[in-house]
Amino acid sequence: MTKLFCVAMMALALGGCGRSLQDRMLAGAAVGGGAGAIIGAVSTGTLPGALVGAAIGAAGGAAIGAIAPQGSGYNGY
346 MTKLFCVAMM ALALGGCGRS LQDRMLAGAA VGGGAGAIIG AVSTGTLPGA LVGAAIGAAG
406 GAAIGAIAPQ GSGYNGY
C-alpha cells in the first residue's frame, strides 16, 4: 500500500510539470476572469456587472492564453 501511495504521489507531481495548451488557457481565463470581475464591479457597482465582466474577461484571457507561444513564460519554458 505504501509503494502504491508513493507511485501515485510521484505521478501526481510529474503531472504538474507539463505546460500544455490547456494550462495556458486556464491561466489566461483565471487572470482575465479576475480582472474582468474587478473592472465590472467597479464600473457598474452591481453583481451582474461583475459577472458579465468576469465572463468577458475569462473568454478573452483564454483566447490570449491559447495563442501565447510556449516559450513566453518567466523562465522561458
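Positions 346 to 422 (this note's numbering) are the ones given, in order, by the sequence shown.
Even glycine gets a Cβ: it sits at the ideal position worked out from N, Cα and C.
State the CB to CB distance for the pair Arg369 and Ala399, rounded to an integer number of angstroms; the pair is presumed to be in contact (CB under 8 Å).
Here residue 369 refers to the residue found at position 24 of the sequence shown. Here residue 399 refers to the residue found at position 54 of the sequence shown. Not confirmed; about 19 Å, so no contact.
Note down the Cα distance separating Gly308 from Ala386, rounded to an integer number of angstroms.
The structure shown does not extend to residue 308, since the chain spans only 346 to 422, so no value can be given for it.
Same chain, Cβ closer than 6 Å to Ile401, five either side skipped, listed in chain order
Taking the sequence shown and counting its residues from 1, one reaches residue 401 at position 56. Counting only Cβ-Cβ distances below 6 Å, and skipping sequence neighbours, we find Gly381.
Leaving out the 5 sequence neighbours to the left and right, which residues in its chain are closer than 7 Å to Ala395 when beta-carbon positions are compared?
Numbered from 1 along the sequence shown, position 50 holds the residue referred to as residue 395. Taken in chain order, the residues that qualify are Ala382, Gly385 and Ala386.
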